[in-house]
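To keep things clear, I will list the structure first and then write my remarks on it.
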Amino acid sequence: MTATTVNPVLRVAPASPAEAAAHFRASLAFHTDVSDVAAALAADGDPGFALVDSRSTEAWDQGHVPGAVHLPTALVPERAAELLDPSVPVVTYCWGPGCDGATRAALALAELGYRVKEMLGGFEYWVREGFEFETWRGRERRAPDPLTAPVDADDCGC
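Under our numbering, the residues of the sequence shown are numbered 11 to 168, in order.
So, in structure tokens, the structure goes:
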């Protein structure tokens, strides 16, 4: 008897092109990334969304995206209406890929009737990509991490 080795990548066959297109289109309806948020915030005028930092006050003080609204996940039900316009889409973020606080905040906001996306990478990747952030000391910026952002270009070309 001959054993056949199955490539682990193809153990489950790829979806059809139509299924893949539907999946990735749906994914983009729920997520955005740090670079796209930064570009929208840097453009002149209203970016068309509210950016929500869903972390604790201590985390907010340690650093946050300039212009973000501070709304910890646990406070979404009681404070969202006070801080956010329900006609404006919301983008949530938390610490980074290892934290699901932004996902929980997005769920809570969606359940309240807000249109919402989650910023992939969170505050960690905002800082790692070299974007300016605010702390209790003022504005700061770190050099881009070459594993997360192009070193000699403004755009990764994605």
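Yeah, the Cβ is synthetic: ideal placement off N, Cα and C, and Gly gets one too.
Member of the options whose CA lies at the smallest distance from the CA of residue i
{"i": "G131", "options": "A53, T42, E68", "result": "T42"}
{"i": "P96", "options": "S26, L20, R114, A120", "result": "A120"}
{"i": "E92", "options": "G111, T113, C109, L122", "result": "L122"}
{"i": "V126", "options": "P160, N17, R21, A90", "result": "A90"}
Residue i versus residue j: straight-line alpha-carbon distance, rounded
{"i": "A50", "j": "G58", "result": "8 Å"}
{"i": "S64", "j": "D56", "result": "21 Å"}
{"i": "A53", "j": "R21", "result": "44 Å"}
{"i": "R152", "j": "A25", "result": "40 Å"}
{"i": "L94", "j": "A78", "result": "11 Å"}
{"i": "C168", "j": "E150", "result": "26 Å"}
{"i": "P156", "j": "V47", "result": "19 Å"}
{"i": "N17", "j": "S37", "result": "26 Å"}
{"i": "Y103", "j": "P154", "result": "19 Å"}
{"i": "A84", "j": "P160", "result": "36 Å"}
{"i": "A39", "j": "W146", "result": "33 Å"}
{"i": "V98", "j": "R35", "result": "21 Å"}
{"i": "D1", "j": "G148", "result": "No information on residue 1 is available, as it lies outside the stretch 11 to 168 that the chain covers here."}
Cβ separation of residue i and residue j, assumed to be a contact under 8 Å, to the nearest whole Å
{"i": "E142", "j": "T158", "result": "Actually they are not in contact, since the Cβ atoms of E142 and T158 sit about 16 Å apart, beyond 8 Å."}
{"i": "Y135", "j": "V44", "result": "5 Å"}
{"i": "P87", "j": "A118", "result": "6 Å"}
Pair within 8 Å by beta-carbon distance, residue i and residue j
{"i": "P82", "j": "S66", "result": "yes"}
{"i": "V100", "j": "V62", "result": "yes"}
{"i": "H74", "j": "E144", "result": "yes"}
{"i": "F133", "j": "G106", "result": "yes"}
{"i": "M129", "j": "A115", "result": "no"}
Residue i beta carbon near the ligand MN (any heavy atom closer than 7 Å)
{"i": "F40", "result": "In the structure on display, the ligand MN does not appear, and there are no ligands present to speak of."}
Original post:
Three or more C-beta pairs closer than 8 Å, one from the stretch 15-34 and one from the stretch 65-80: is that the case here?
Top reply: no
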